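For any residue, its number in this note's numbering is found by taking its place in the sequence shown, counting from 1, and adding 160. Don't be surprised by glycine CBs; every beta carbon is placed ideally from N, CA and C. As the structure is a computational prediction, the values presented were derived from the model and not from experiment. A short worksheet on the structure shown next.
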Amino acid sequence: MTDGTEKCNPKIEENQREDRRAFRKFIVLLLVSMVVGGITGAFSTMAAKGQADIGAGITAGLQKIAPYANLVIAAALAVWMTGMLRGGRAEYRRWDGEEEQLIEKIERKLGIGVIVTNVALIAGFFFFAAGMKSTGIDSGWEEEVPWVKIAATFLGLIAVMVVTVIAQNRIVNFTKEINPEKKGSVYDLKFQKTWIASCDEAEQLQIYRAAFRAYTAMNYAALGMFLVCFIGMLSWNFGLLPLTMVLFVWLTGVIVYGVESLRMTGGR
């Protein structure tokens, strides 16, 4: 039911027109997605054997390199990070106190360094899991225990974690030298809260915008992984666990975002 106020409200009519335009596009997208999903599922089922052979080849390759991959990642990260920081400090020493473009260039390099260290850490967890899988620990050792692989796998993960933390600490300390108002230590469990509190409003807005972009990307990625796990459950015997874990991570992100939005709205 609508009253006279609603009928005279131009915003309601505008919303209805906007919804009608968007709804038509949504229906088309939904139908296309259903067709593409059906075709993909059908081809996946028909090509299950070929995909199994490809998967077996990839697994065999990973089993050879996974136990030692993290040692290579840690060494490469340490060398790259050392060169990047030295180059950044050399540029900072040439700064005359007025050329803002130079500082922006240095801060951009430091931002890339943070991204690289985070990617290296995530890759480290993957190769740790793949390395342990390659040792045959999940099926038990019938003959000789592969101690060398086990040691390399554990030491590789430790090396990646240590190099990552040290690199991020140096990046943060360098950033605090450039911006003395910044506060926080990487070794502090409340580092993120302290760091954000030391940022000005413009910087905080950038952080919030980046966080929203990350949340949006997480939604798309989770949807894509759900489809992969669903097809895998039907075609490759994935089972329900991978699908359930994807949905759990997705649900966690959605709930945390919603609750935090309500909290910030209530405190405004």
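- [ ] State the Cα-Cα distance for the pair PRO227 and GLY247, rounded to the nearest angstrom.
- [x] Within the sequence shown, the letter at position 67 stands for residue 227. Within the sequence shown, the letter at position 87 stands for residue 247. If I take the Cα positions, the gap works out to 32 Å.
Task: Rounded distance between the beta-carbons of ALA234 and VAL323, thought under 8 Å - done: Residue mapping note: residue 323 aligns to position 163 of the sequence shown, counting from 1. Residue mapping note: residue 234 aligns to position 74 of the sequence shown, counting from 1. So it is a contact: roughly 5 Å between Cβ atoms.
TODO: Compute the beta-carbon to beta-carbon distance between ILE356 and GLN366, rounded to the nearest angstrom, for a pair I have assumed lies under 8 Å.
DONE: Working through the sequence shown from its first residue, we reach residue 356 at position 196. Working through the sequence shown from its first residue, we reach residue 366 at position 206. That pair is no contact at about 11 Å.
Task: Residue of TRP396, LEU270, MET393 and SER358 minimising C-alpha distance to GLY243 - done: The count along the sequence shown starts at 1 and reaches residue 243 at position 83. Cα-wise, what sits closest to GLY243 is LEU270.
- [ ] Count the other C-beta atoms from every protein chain shown that fall within 10 angstroms of the C-beta of LEU400, then say buried if there are 16 or more, exposed otherwise.
- [x] Within the sequence shown, numbered from 1, the residue matching residue 400 stands at position 240. Answer is exposed; the Cβ neighbour count stays below 16.
Task: TRP355 (DSSP reduced to helix, strand or coil) - done: Numbered from 1 along the sequence shown, position 195 holds the residue referred to as residue 355. Three-state DSSP puts TRP355 in a helix.
Open item on the list: So LEU245 and ALA312 are supposed to be a Cβ contact under 8 Å. How far apart are they, rounded?
Closed with: Along the sequence shown, one-based indexing puts residue 245 at 85. Along the sequence shown, one-based indexing puts residue 312 at 152. About 28 Å separates the two Cβ atoms, so there is no contact after all.
TODO: Would you tell me roughly how many angstroms separate the C-alpha atoms of ASN339 and SER395, rounded to the nearest one?
DONE: Along the sequence shown, one-based indexing puts residue 339 at 179. Along the sequence shown, one-based indexing puts residue 395 at 235. Distance between the alpha carbons of ASN339 and SER395 is about 54 Å.
- [ ] Assuming TRP413 and PRO402 form a contact by the criterion Cβ under 8 Å, report the distance between their Cβ atoms to the nearest whole angstrom.
- [x] Counted from its first residue, the sequence shown places residue 413 at position 253. Counted from its first residue, the sequence shown places residue 402 at position 242. It is worth fixing the name first, because residue 413 is Gly in this sequence and not Trp. That belief does not hold up - the Cβ atoms of GLY413 and PRO402 are roughly 17 Å apart, past 8 Å.
- [ ] To the nearest angstrom, report how far apart LYS293 and PHE398 are at their CA atoms.
- [x] Here residue 293 corresponds to residue number 133 of the sequence shown, with the count starting at 1. Here residue 398 corresponds to residue number 238 of the sequence shown, with the count starting at 1. Answer to the nearest angstrom: the Cα atoms are 17 Å apart.
Task: Through-space distance from SER345 to THR165, alpha-carbon basis - done: Here residue 165 refers to the residue found at position 5 of the sequence shown. Here residue 345 refers to the residue found at position 185 of the sequence shown. Since pLDDT at THR165 reaches only 48, below the 50 mark, its modelled position is unreliable, and the value read off the structure follows with that caveat. Whole-angstrom Cα-Cα distance: 56 Å.
Task: Separation of GLY284 from GLN296, as counted between CA atoms - done: As a working mapping, residue 296 is identified with position 136 in the sequence shown. As a working mapping, residue 284 is identified with position 124 in the sequence shown. Note that residue 296 is Gly in the sequence shown here, rather than Gln. Looking at the two C-alpha atoms, the distance is approximately 19 Å.
Task: Within 9 Å, strictly: CB atoms of MET321 and LEU349 - done: As a working mapping, residue 321 is identified with position 161 in the sequence shown. As a working mapping, residue 349 is identified with position 189 in the sequence shown. No, Cβ-Cβ distance for MET321 and LEU349 is not below 9 Å.
Task: Three-state class that DSSP yields for VAL414 in the structure shown - done: Taking the first residue of the sequence shown as position 1, residue 414 is located at position 254. Residue state, collapsed to three classes: helix.
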